[in-house]
Amino acid sequence: MSSMKPIHLYSHATGPNPWKVAIILEELGVPYETEFLDFGVLKQEPFVNYNPNGRVPAITDPNNKDITLFESGAIIDYLIDTYDKENKLSYAESPQKYLEKSWEHFQMSGQGPYYGQFAWFSLFHSEKNITSAIDRYANEIKRVLGVIDAHLSKTGNEYLVGNKISYADLMFIPWNAFAPGMVKDFDWKTQYPKCYEWNQKMMERPAVKSVMAAKAKASGK
1 MSSMKPIHLY
11 SHATGPNPWK
21 VAIILEELGV
31 PYETEFLDFG
41 VLKQEPFVNY
51 NPNGRVPAIT
61 DPNNKDITLF
71 ESGAIIDYLI
81 DTYDKENKLS
91 YAESPQKYLE
101 KSWEHFQMSG
111 QGPYYGQFAW
121 FSLFHSEKNI
131 TSAIDRYANE
141 IKRVLGVIDA
151 HLSKTGNEYL
161 VGNKISYADL
171 MFIPWNAFAP
181 GMVKDFDWKT
191 QYPKCYEWNQ
201 KMMERPAVKS
211 VMAAKAKASG
221 K
């Protein structure tokens with residue numbers, strides 16, 4: 001892919017969703033450049049021309065008529081369809097092809113929103129110590145991890161779909177990198193050992209390490 005022009009990734013230093021896209025790009029060896037934007041400019045032009053909803057991530061791909069896409073799941077679907085021709089991170093055949101999509105959508109509908117609300121009420125909400133909301137979303141974090149743990153325990157597989165890592169597995173990393181550790185009186189490793197082992201195995205991948213190091217640098221941590 002050395003002749004490719006870099007994909008332009010619109011991102012935020014700490015927001016987890018753009019880093020899902022960065023991990024997939026890194027894993028596939030697709031060149032990309034990152035533009036970090038503050039939350040305050042996302043609802044304004046020119047960014048709303050890239051995402052009418054005013055949120056990151058978004059991408060522009062100069063290798064494909066400057067196509068511009070938003071929403072992390074749609075972007076990852078595009079990257080897999082366009083740049084994973086050897087199925088490094090995906091399956092080509094049914095049922096695995098559709099099973100990984102099930103887990104992709106579980107990440108977007110289950111993990112992301114609940115983890116995000118936990119982070120909001122724990123860190124950013126103007127009224128502090130709303131324990132009912134924090135407890136609700138902390139319990140949802142545990143539930144999501146429990147779903148994955150039960151699935152891995154039942155199947156005996158290393159990953160969500162068989163023993164091959166897929167984009168669906170990798171999409172869980174950025175939110176899992178911080179939210180479970182914020183939940184009080186919760187030992188992920190002890191309570192959900194299969195899920196914890198699955199996550200730790202992914203965290204050791206060179207591409208994941210590279211992206212998470214870039215995230216730490218961008219966020220000043």
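First residue of the sequence shown? That's 1 in the UniProt record's numbering, and the numbers climb one at a time after it.
Glycine residues also receive a C-beta, built at the ideal position from the N, C-alpha and C atoms.
Check: Among Thr82, Pro206, Phe70, which one has its Cα closest to the Cα of Tyr50?; Outcome: Phe70
Check: Would you call the region 188-207 and the region 144-159 in contact, with 3 or more CB pairs under 8 Å?; Outcome: yes
Check: Helix, strand or coil, according to DSSP, for Tyr192 in the structure here?; Outcome: coil
Check: As a quick exercise: from Ser3, Ala13, Met4, pick the residue whose alpha carbon is nearest that of Val211.; Outcome: Ala13
Check: Tell me whether Pro16 is buried or exposed, calling it buried when 16 or more other Cβ atoms sit within 10 Å of its Cβ.; Outcome: buried
Check: Cutting at 6 Å between CB atoms, please list the residues of its own chain near Tyr137, excluding the five before and the five after it.; Outcome: Tyr114, Gln117, Phe118
Check: Between residue 288 and the rest of its own chain, which residues show a CB-CB distance below 6 Å, the 5 nearest in sequence each way excluded?; Outcome: The question about residue 288 has no answer here: the residues shown for the chain are numbered 1 through 221.
Check: Tell me whether Ser109 sits in a helix, a strand or coil according to DSSP, three-state version.; Outcome: helix
Check: DSSP three-state label for residue 294, please.; Outcome: The structure shown does not extend to residue 294, since the chain spans only 1 to 221, so no value can be given for it.
Check: Quick one, are the C-beta atoms of Ile59 and Ile7 less than 8 Å apart?; Outcome: yes
Check: Is Val21 near Ile75, with beta carbons less than 8 Å apart?; Outcome: yes
Check: Between which two residues does the alpha helix (DSSP H) containing Leu145 stretch?; Outcome: 131-155
Check: Taking the continuous beta strand (DSSP E) assigned at Tyr78, which residues delimit it?; Outcome: Counting along the chain, Tyr78 falls outside any beta strand (DSSP E), though it belongs to the alpha helix (DSSP H) covering 72-83.
Check: Could you check where the beta strand (DSSP E) with Tyr32 kicks off and where it finishes?; Outcome: 32-36
Check: Can you say whether residue 278 is buried or exposed, counting buried as having 16 or more other CB atoms within 10 angstroms of its CB?; Outcome: Outside the modelled stretch of the chain, which goes from 1 to 221, sits residue 278, for which no answer is possible.
Check: Is the beta carbon of Lys65 closer than 8 Å to that of Gly54?; Outcome: no
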